[in-house]
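Numbering (our numbering), first residue to last: 1 to 391.
Now the structure itself:
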């Protein structure tokens, strides 16, 4: 058997002790890849730290305290620091990252040469990987996940870096067909882009006795859940508005973010605050039970690639209500899986009423994502990497 590929995975999106859910889907994909006999994987997770006095703020203090090298859930992870200029420094981040991590990469490459750089978020990671690729003389790939294209691709100073990296990469990946099309419209070569769907732990995300779980959660009526950061892009305000139409329902918001204060104020204003539970960041291992207990999972995002939260909800037997964003129609192909709605509270309320009136069987909902698995995800990744390095 030929020796394993030696892969450097570069991702600014990766969990750590300060943010254990941040980019957990990247961790799951990388763990699957690392479990394969065909691959040895080293992860570099650059950590951005701003200059004083900002670095003294709580979020950055926690990041600064992270070890620079650790074994994280069985994975070999390096966390070198780079200089971050919040809000205004985004266009320089690829350069700063490459400069900061180059000495470490050279050292690791000298000890055991890498065959390929696997980049797990398009910006700033892709353009940074391009610089490493030039230095080491090895190929690199870049995976697009959604916000890295929709947000950073809309910034004039960043777009040229994105397109240059796309041109130089040996392979591009997108989490949905819809995101691939967005990348083509941005100016990338379509034949170069492989659709690479997320994985899924279907044993963990599985249906439960919903009535019993709701009783355990002290929820007597309908239960809805939104899983995602509390940010404007995720649009949870619309779900809070829709709650006015369901006086016996409870809404769980699993996530934290900059909009939490505004969402709490909105709930108070609409008189639904007693029926909305702000759960904060829920450990990933605790999410399946909450999702499976819910009658509906709702996430009317303004933009997405293909949200892991959608796939995990369907695997739990919980139908979804989502907006026309990213790969929505690649998942919701019938009323069994849920409904795709316009981004307004009335449309969400009407969809909730329709699903509650005719709830699909959890087993049928779950069947809609039976082609998603971490095995399939890993198989596709190994195949692509082998082709790129000529194995």
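For each residue, glycine too, the CB sits at the ideal point set by N, CA and C. These figures come from a predicted structure and were not determined experimentally.
For residue i, the residue or residues it bridges with in DSSP
| i | result |
| --- | --- |
| residue 241 | None; residue 241 has no bridge partner. |
| residue 8 | 42, 117 |
| residue 224 | 251, 296 |
| residue 76 | 71 |
| residue 339 | 321 |
| residue 48 | 82 |
| residue 100 | Paired residues: none, contrary to the question. |
| residue 366 | DSSP output for residue 366 lists no bridge partner at all. |
Residue i burial status per 10 Å Cβ neighbour count (16 or more: buried)
| i | result |
| --- | --- |
| residue 191 | exposed |
| residue 236 | buried |
| residue 296 | buried |
| residue 87 | exposed |
| residue 334 | exposed |
| residue 75 | buried |
| residue 161 | buried |
| residue 37 | exposed |
| residue 27 | buried |
| residue 314 | buried |
| residue 35 | exposed |
Reduced DSSP secondary structure (H/G/I, E/B, other) of residue i
| i | result |
| --- | --- |
| residue 42 | strand |
| residue 13 | coil |
| residue 65 | coil |
| residue 375 | helix |
| residue 232 | helix |
| residue 318 | coil |
| residue 253 | strand |
| residue 142 | strand |
| residue 385 | helix |
| residue 57 | coil |
| residue 165 | helix |
| residue 175 | coil |
| residue 348 | helix |
| residue 25 | helix |
| residue 88 | coil |
| residue 193 | strand |
Supposed contact pair residue j and residue i - C-beta distance, whole angstroms, cut 8 Å
| i | j | result |
| --- | --- | --- |
| residue 8 | residue 118 | 7 Å |
| residue 69 | residue 44 | Actually they are not in contact, since the Cβ atoms of residue 69 and residue 44 sit about 10 Å apart, beyond 8 Å. |
| residue 124 | residue 42 | At roughly 19 Å, the Cβ-Cβ gap does not stay under 8 Å, so residue 124 and residue 42 are not in contact. |
Residue i vs residue j beta-carbon contact at 8 Å
| i | j | result |
| --- | --- | --- |
| residue 415 | residue 186 | This structure gives no information on residue 415, because the portion of the chain shown stretches from 1 to 391. |
| residue 169 | residue 141 | yes |
| residue 319 | residue 365 | yes |
| residue 289 | residue 32 | no |
| residue 223 | residue 267 | no |
| residue 116 | residue 139 | yes |
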